[in-house]
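Student: Sequential numbering from 89 applies to the sequence shown in this note's numbering.
Got a structure here, written out as structure tokens. Questions coming.
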Amino acid sequence: MELPRSGIVILHPTSLPSRHGIGDLGASAVRWLDFLAGAGIGMWQLLPLGPTGYGDSPYQCFSAFAGNPYLVSPEELVADDLLDSAFVDDGPDFPDDHVDYGPVIEWKLAVLDAAFDRFSGRPDHPLRDAFDHFCATTPWLDDYAVFMAIKAQHGGGPWLEWPLPLVTRDERSLGEFRRTHGVAVRRHQFRQFVFARQWQRVRQAAAQRSIAIIGDAPIFVAADSADVWAHPELFEVDGRGRSTVVAGVPPDYFSVTGQLWGNPLYDWEAHRADGYRWWIDRLATLLEAVDLIRIDHFRAFADYWEIPAAATTAVDGTWRDGPGLEFFTTVRAALGDLPIIAEDLGQLSPAVHELRKATGLPGMKILQFAFDVAEGTGAAYLPHNYEANSVAYTGTHDNNTTLGWWQAAADDERGAVVEYLELDEPGDDDVVWAMIDAVWRSRAALAGAPLQDFLVLGPGARLNTPGVASGNWQWRVLEDQLTDELAARMHDLTASSDRLPGA
């Protein structure tokens with residue numbers, strides 16, 4: 089894949105401005121695209137778009153294929169004659185600066201249910217044929233909708249706690265459930281339909297502004313997901329669907345006890361036996377929604393950390409071989425050239441570097457990692473060492489904001505920053521923008537930063553702290569923070585570093 093020279097801003101749609109307590113796929117998303125276009129930014133990077141579950145994390149979704157219904161815009165439902173404007177106008181008040189997930193989810197589900205009831209009561213609704221076509225041509229939809237309907241019927245509990253015939257997908261039991269809960273199943277199909285409809289509008293708006301969208305594919309899926317329930321034969325689980333081993337990483341930059349993610353691991357022999365069909369379908373589905381894909385934790389295709397399911401930390405585990413180059417050769421044969429960014433961060437074995445080079449996929453560089461004087465491992469993350477075929481960032485959603493990082497940095501790290509960037513008694517704004525500037529002027533084809541860095545926000549704006557289960561994914565930008573002055577400053581930087589779209 090040949091990358092253009094372009095700039096990236098990372099902002100998940102949940103962080104967009106909206107009066108409904110969470111960013112959505114309506115007018116504010118289009119205004120955001122207008123801001124990016126005015127700033128000369130050619131790429132918008134998202135986190136996974138799936139339906140969130142545990143901890144509201146986009147990396148713990150109920151499906152690797154479905155969309156997040158909480159992102160559906162009520163105003164767009166009104167525009168599609170699926171909702172009365174009075175219903176939206178009378179909605180509750182929410183904080184503007186963060187997502188309060190409990191009340192937001194309750195409200196959004198009420199909105200979606202009202203839209204579904206209106207649609208169901210109108211056999212002649214103009215979207216009826218489009219909905220029927222969506223249901224008939226979306227292969228993963230039935231498993232997902234049945235999974236979510238059963239989950240709702242059992243109080244939202246994980247599928248491993250359902251009655252055994254439903255856990256093991258007994259044909260007679262599933263048939264009976266579909267017969268008695270058909271409306272509930274269609275309700276979840278409808279939510280996916282309106283999400284897909286609204287997302288395609290956003291995608292078209294981005295294309296009209298010459299903005300490519302970078303999506304995110306977490307390498308592992310959630311244990312409590314339609315993916316594992318529908319295809320247990322593809323995962324390291326026992327006859328009742330319980331994980332025998334789980335995913336994570338050993339102690340690293342983020343945690344002295346490692347990160348115990350708890351995701352089920354793949355049975356790579358089973359995937360190999362069917363030609364990696366599930367993965368091909370997954371990536372093909374995502375490429376219908378985005379232009380490029382960042383594969384999170386790319387290293388697991390080379391080798392991955394296997395942790396016993398009963399472990400309480402990620403300290404004790406075993407390295408296992410991933411599917412390697414064969415996987416990418418097979419997927420490329422099915423899908424053609426792969427517009428994929430390999431997230432290759434952390435403590436990597438030589439096999440990971442060899443695999444990335446063999447695939448030709450661009451890797452990632454994080455400038456915040458460049459100044460760890462104590463470890464002495466930062467040279468590869470200094471901008472003058474970046475390869476052209478790479479994607480460089482000040483930091484990502486997993487890092488502190490650059491201002492937060494700078495404020496917490498040790499004296500020797502701060503000294504290294506000042507020396508490398510040739511700063512003279514810098515203030516906070518000077519440091520943050522100098523780090524953005526260094527990434528933007530580097531050889532890396534793509535240069536990116538979270539929006540929080542352009543706004544020079546501190547640690548209170550951090551989106552995620554790895555290893556911390558609560559308090560993440562909440563930050564939101566305010567409408568009045570996206571100023572013309574900020575767009576102009578970003579445009580000047582992007583133009584002077586030869587990163588304007590089409591340049």
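The C-beta atom is built at its ideal place from N, Cα and C for all residues, glycine as well.
1) Starting from Ile524, trace the alpha helix (DSSP H) in both directions and tell me its first and last residue.
2) With a Cβ-Cβ cutoff of 8 angstroms, do Ala305 and Asp384 count as a contact?
3) State the CB to CB distance for the pair Ala311 and Asp231, rounded to an integer number of angstroms; the pair is presumed to be in contact (CB under 8 angstroms).
4) How many angstroms separate the CA atom of Ala476 from the CA atom of Leu262?
5) How is Trp407 classed by DSSP in three states: helix, strand or coil?
6) Can you list, in chain order, the residues of its chain whose CB lies under 8 angstroms from that of Ala575, leaving out five sequence neighbours each side?
7) Which partner residues does Ile238 have in the DSSP bridge list?
8) Please classify Leu449: does DSSP put it in a helix, a strand, or coil?
9) Mind reading off the beta-carbon distance from Leu248 to Arg360? Whole number of angstroms is fine, and I expect it under 8 angstroms.
10) Specify, as a first and last residue, the run of the alpha helix (DSSP H) that Trp349 falls within.
11) Can you check whether the CB of His221 is closer than 8 angstroms to the CB of Arg564?
12) Just curious, the alpha helix (DSSP H) that Pro191 is in, first and last residue?
13) Apart from the five residues just before and just after Gln347, which ones in its own chain have a Cβ nearer than 7 angstroms to its Cβ?
14) For a test of the three-state rule: what should DSSP assign to Leu322, helix, strand or coil?
15) Grouping DSSP H, G and I as helix and E and B as strand, with all else coil, what is Ala154?
16) Where does the unbroken beta strand (DSSP E) through Gln133 begin, and where does it stop?
17) Starting from the Cα of Phe457, find the closest Cα among Leu134, Val527, Ala421 and Ala583 and give me that residue.
18) Which residue comes first and which comes last in the beta strand (DSSP E) that contains Leu534?
19) When you compare the CB positions of Trp195 and His100, do they come within less than 8 angstroms of one another, or not?
20) Comparing alpha-carbon positions, which option in Arg206, Lys239 and Ser94 lies nearest Tyr481?
21) Does the distance from the CB of Ile98 to the CB of Gly448 come in under 8 angstroms?
22) Please confirm if the region 161-177 is in contact with the region 393-402, defined as three or more CB-CB distances below 8 angstroms between the two stretches.
23) For the beta strand (DSSP E) that contains Asp384, what are its first and last residues?
24) Roughly how many angstroms separate the alpha carbons of Leu371 and Val309, rounded to a whole number?
25) Note the first and the last residue of the continuous alpha helix (DSSP H) segment covering Ser173.
Tutor: Taking the coordinates as given:
1) As a first step, residue 524 is located in the sequence shown; it is residue number 436 there, counting from the start. Run containing Ile524: Asp516 to Trp528, per the alpha helix (DSSP H) assignment.
2) As a working mapping, residue 305 is identified with position 217 in the sequence shown. As a working mapping, residue 384 is identified with position 296 in the sequence shown. Yes.
3) For the purposes of this step, residue 311 is taken as the residue at position 223 of the sequence shown. For the purposes of this step, residue 231 is taken as the residue at position 143 of the sequence shown. No, Ala311 and Asp231 are not in contact; Cβ-Cβ is about 16 angstroms, not under 8 angstroms.
4) Residue mapping note: residue 476 aligns to position 388 of the sequence shown, counting from 1. Residue mapping note: residue 262 aligns to position 174 of the sequence shown, counting from 1. Straight-line Cα distance between these residues: approximately 52 angstroms.
5) Translated into the one-based positions of the sequence shown, residue 407 becomes position 319. Trp407: strand per DSSP, three-state reduction.
6) Residue mapping note: residue 575 aligns to position 487 of the sequence shown, counting from 1. Cβ neighbours of Ala575 within its own chain (closer than 8 angstroms, five residues either side excluded): Phe123, Gly126 and Ala127.
7) As a first step, residue 238 must be located in the sequence shown, where it is residue number 150. DSSP output for Ile238 lists no bridge partner at all.
8) As a working note, residue 449 is residue 361 in the sequence shown. DSSP places Leu449 in coil when its eight states are reduced to three.
9) If you number the sequence shown from 1, residue 248 lands on position 160. If you number the sequence shown from 1, residue 360 lands on position 272. The pair is not a contact, with the Cβ atoms about 26 angstroms apart (cut-off 8 angstroms).
10) Your numbering for residue 349 matches position 261 in the sequence shown. Note, Trp349: premise wrong, no alpha helix (DSSP H); beta strand (DSSP E) at Gln347 to Pro352.
11) Position 476 of the sequence shown, counted from the first residue, corresponds to residue 564. Position 133 of the sequence shown, counted from the first residue, corresponds to residue 221. No, these two residues do not count as a Cβ contact at 8 angstroms.
12) Against the sequence shown, residue 191 aligns to sequence position 103. Note, Pro191: alpha helix (DSSP H), Tyr189 to Ser208.
13) Numbered from its first residue, the sequence shown carries residue 347 at position 259. Contacts found: Gly336, Val337, Ala402, Pro554 and Gly555.
14) Position 234 of the sequence shown, counted from the first residue, corresponds to residue 322. Assignment of Leu322 by DSSP, reduced to helix, strand and coil, places it in the helix class.
15) Here residue 154 corresponds to residue number 66 of the sequence shown, with the count starting at 1. Note: Ala154 maps to coil in three-state DSSP.
16) Counting from 1 along the sequence shown, the entry for residue 133 is found at position 45. Per DSSP, the continuous beta strand (DSSP E) segment holding Gln133 begins and ends at Met131 to Gln133.
17) Within the sequence shown, the letter at position 369 stands for residue 457. Of the candidates Leu134, Val527, Ala421 and Ala583, the one whose C-alpha sits nearest the C-alpha of Phe457 is Val527.
18) The residue given as residue 534 occupies position 446 in the sequence shown. Going by DSSP, Leu534 is part of the beta strand (DSSP E) stretching over Leu534 to Pro538.
19) Working through the sequence shown from its first residue, we reach residue 195 at position 107. Working through the sequence shown from its first residue, we reach residue 100 at position 12. No, these two residues do not count as a Cβ contact at 8 angstroms.
20) As a working note, residue 481 is residue 393 in the sequence shown. Of Arg206, Lys239 and Ser94, the smallest CA-CA separation from Tyr481 is found for Ser94.
21) For the purposes of this step, residue 98 is taken as residue 10 along the sequence shown, with counting starting at 1. For the purposes of this step, residue 448 is taken as residue 360 along the sequence shown, with counting starting at 1. In this structure, Gly448 does not lie closer than 8 angstroms to Ile98 by Cβ.
22) They do not touch, by the three-pair rule.
23) Mapped onto the sequence shown, residue 384 falls at position 296. Segment Leu380 to Asp384, the beta strand (DSSP E) holding Asp384.
24) For the purposes of this step, residue 371 is taken as the residue at position 283 of the sequence shown. For the purposes of this step, residue 309 is taken as the residue at position 221 of the sequence shown. Cα to Cα, Leu371 sits roughly 13 angstroms from Val309.
25) If you number the sequence shown from 1, residue 173 lands on position 85. Looking at the DSSP string, the run of the alpha helix (DSSP H) that includes Ser173 is Ser173 to Asp177.
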